[in-house]
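Okay, structure first, notes after.
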Amino acid sequence: PPPEQMWKEDSAHGLTAPIGEGPHGRPVLLNLGDYPPHALIGGPSGTGKTNLIFAWIGALAARYSPAELEFYLLDFKEGVSFARFAQGRRDPSWLPHMRLVGINVNTDREFGLALLRFLAEELRRRADAAKKHEVTKLAELRAVDPAGHWPRIVAVVDEFQALLAGRDVVAREAADLLEDLARRGRSQGIHLVLASQDVRGIEALWGRPALVAQFTLRIALPKALRILAERNDAAQALPKYHAVVNAESGMTEGNQVARIPSASDWETWSELQHRLWRMRPADAAPARLFDGDAVPRLTAAPDFRALTPPAGDAPHRGPVALLGEIIDVQARSAALRLPRAPGRNLAVIGTRVDEACAVLDSAARSLARQHRPGTARYSIACLDPDADPVARALYEDLADDAAWYDEETVPELMAETAETLGRPGTPTIPHYLFLFAVDAAAGALSASTGGRSGLDRLRRILHDGPERRIHVLAWWRGVARMRADLGGPAARTDQIGAWVALDVQGGELGSSLYPGTGGPDWYPRPWRGLFFDRAVHRTGQVIIPYGPFR
Ligand SMILES: Nc1ncnc2c1ncn2[C@@H]1O[C@H](COP(=O)(O)OP(=O)(O)O)[C@@H](O)[C@H]1O
Ligand SMILES: [Mg+2]
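Going by this note's numbering, the sequence shown opens with residue 18, and the numbers climb by one from there.
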């Protein structure tokens, strides 16, 4: 529309925008609303699916204001084309309607799951509000609650087949959530747009007819397979940069052919985005950008910034150790609570030095933020030279409250700490032991002094320490090494109340470390960990360690 007509449309009953030109130059319109509620876009790689998404988003964003329409966007394929919707380093503009952009999520299918869970929650919120007002649909809710913020939501997942690939828990939960959103989202103004190059993605949906039936708007690019109805082969003869738009579940009588304009090149796009950006409301915030290739920073994490020591002399109810970023929509931190209770220790398990150091480092720095100087002790033992830079920097920054141990002196740390356990009363201040590559100390700790070995003492500290505010946060370079230090393959592991697994296969984490049999569904990958806290979790949680602090 011309600039003076922008943001003039009302989305109460649906969203309508032209996508391209039909025969005789008439615009072909795309609708989302009660009918059709959701769209499926298909076509081989390079036929223009992503470009069509840009054209559609642009046409909608120009017509509906951010109060009428919000976008959530996920791209499962390599490439940062969607990054431009969020605020960038080179271009400060963003698309005001965009709430979330996920890029490079190809290996983090959990992020797709997180988006679907978030939308399911929003669906519940809307359904509750509708029930409260005794209405059933978004248009009615908006009529009875004109002051409420009830924009239509369009969630776009490009190359969504990646999300449904595999027969694991992620794929299963994603399909269940999609089905629920597709079925109930229509009346609450939540619309799904799924694009795929791959018939397998579509076929994963075909196994769920109740889900597919909700996607009545079909958009087929040249040579698309299985997007239209079985005998409708209109996509096979399409010229380049054209699409069959069909709002009748792909039945032949619904075919409309449109020529799609070029919309994804930066020059074409940025002019519109800049115009809309300048029109943004004063309180508009840029979209959250989740980049699967980026490493988050602890100092930028809202949960870290919010940490403070308790007010006045109030005792600590249980400080939290932040371990990494959770793969979710809000960029929250994975938090391990350390109250005075048995088992409140952490094991970081795996051979990856940088990730292990990052987890222990953020745990230490977040704990230190909750204790005033002089009110907590941090003992740092470094047994692997590769961990030295991180451990050293931590030791220096914790200053007078920190003590340093190495292979030679770590037996003293165990002896001294175990000795305080034997004394009556509770130590007045908490004591945290950060043990980097503790399994490398097995030799030094096997020597006995006073009838007990260092390993005996470590086991005692793990067992009896937490109730007396002594917590061990230790990195072991493998499950077997950890079990050995705990007393052998059959040793109990309940003193390890929480763990982060790095390059450890799910199967190794079975028996006593994880509920059920066979261990968690976990595929190790660089700069990711699986966090499990038996006090709060039913399943493991994928985390992204924070990047180096300095
Ligand atoms: N309607 C169009 N007009 C002009 N160029 C287009 C059009 N659609 C796609 N292209 C170009 O074709 C290439 C592939 O398009 P893309 O949308 O990335 O395909 P897909 O997502 O299906 O793999 C891009 O370089 C894009 O700029
Ligand atoms: Mg694409």
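C-beta: ideal position from N, C-alpha, C; glycine also. Note that the structure is a prediction, hence the values are computed from the model and not measured.
Of the heavy atoms belonging to ligand 2, at least one sits nearer than 6 Å to the Cβ of K66. S213 has its Cβ no nearer than 6 Å to any heavy atom of ligand 1. Shown here, W283 sits in a helix according to DSSP, grouped into three states. For the pair P53 and P163, the Cα-to-Cα distance works out to about 25 Å.
Contact between the region 67–87 and the region 18–33 is present: 3 or more CB-CB pairs across the two stretches fall below 8 Å. In this structure, D401 lies away from A364, with their beta-carbon atoms at least 7 Å apart. Here V171 is buried. Its C-beta has 16 or more other C-beta atoms within 10 Å.
Secondary structure at S470: strand, using DSSP grouped into helix, strand and coil. Nearest neighbour of E157 by Cα position, chosen from D51, G75, G482 and F99, turns out to be D51.
Minimum Cα-Cα distance from A318 among the listed residues R369, M296, S379 and A251 corresponds to S379. Around P359, the same chain offers H480, P483, E484, D511, Q512 and G514 as residues with beta carbons nearer than 8 Å, after the five sequence neighbours per side are excluded. Under the 8 Å Cβ criterion, the region 109–124 counts as touching the region 304–314, having at least three qualifying pairs.
The region 369–386 and the region 425–440 do not touch, with fewer than 3 CB-CB distances between them shorter than 8 Å. It is roughly 17 Å from the alpha-carbon of R555 to the alpha-carbon of R361. A Cβ-Cβ separation of about 7 Å places R248 in contact with T269 under the 8 Å criterion.
Nearest neighbour of L136 by Cα position, chosen from G206, A182 and P336, turns out to be G206. V262 is a Cβ neighbour of I236, given a cutoff of 7 Å. Of the other Cβ atoms in all chains shown, fewer than 16 fall within 10 Å of the Cβ of K240; this residue is therefore exposed. Straight across, the Cα-Cα distance linking L475 with P441 is about 19 Å. Spanning the alpha carbons of P326 and L384 requires a straight line of approximately 9 Å. In this structure the region 127–147 lies against the region 343–350, because at least three pairs of beta carbons, one per stretch, are closer than 8 Å. DSSP, reduced to helix, strand and coil, places M296 outside both helices and strands of the structure shown, so it counts as coil.
I277 has its Cβ nearer than 6 Å to a heavy atom of ligand 1. Between the region 106–113 and the region 532–544, the count of Cβ pairs shorter than 8 Å is below three; the stretches do not touch.
In the structure shown, the three-state DSSP call for W493 is strand. Relative to ligand 1, S350 has its C-beta separated by 6 Å or more from all heavy atoms.
Annotated three-state conformation of Y412 is helix, per DSSP.
By the beta-carbon neighbour count (other beta carbons within 10 angstroms, threshold 16), G165 is exposed. Spatial neighbours of G504 in its own chain (CB-CB distance under 7 Å, excluding positions within 5 residues in sequence) are listed in chain order as R476. For S281, the shortest C-beta to heavy atom distance toward ligand 1 is below 6 Å. Annotation for V186: D538 place their beta carbon closer than 6 Å to its own, counting only its chain and skipping 5 residues before and after. Looking at S28, W167, G60 and I561, the one whose alpha-carbon comes closest to that of L315 is I561. Annotation: P406 to R500 spans about 27 Å, alpha carbon to alpha carbon. Contact between D175 and T33 does not hold, since their C-beta atoms are separated by about 22 Å, which reaches or exceeds 8 Å. Note on W492: 16 or more other CB atoms within 10 angstroms of its CB, so buried under the neighbour-count rule.
In the three-state scheme derived from DSSP, where H, G and I count as helix and E and B as strand, D175 is classed as strand.
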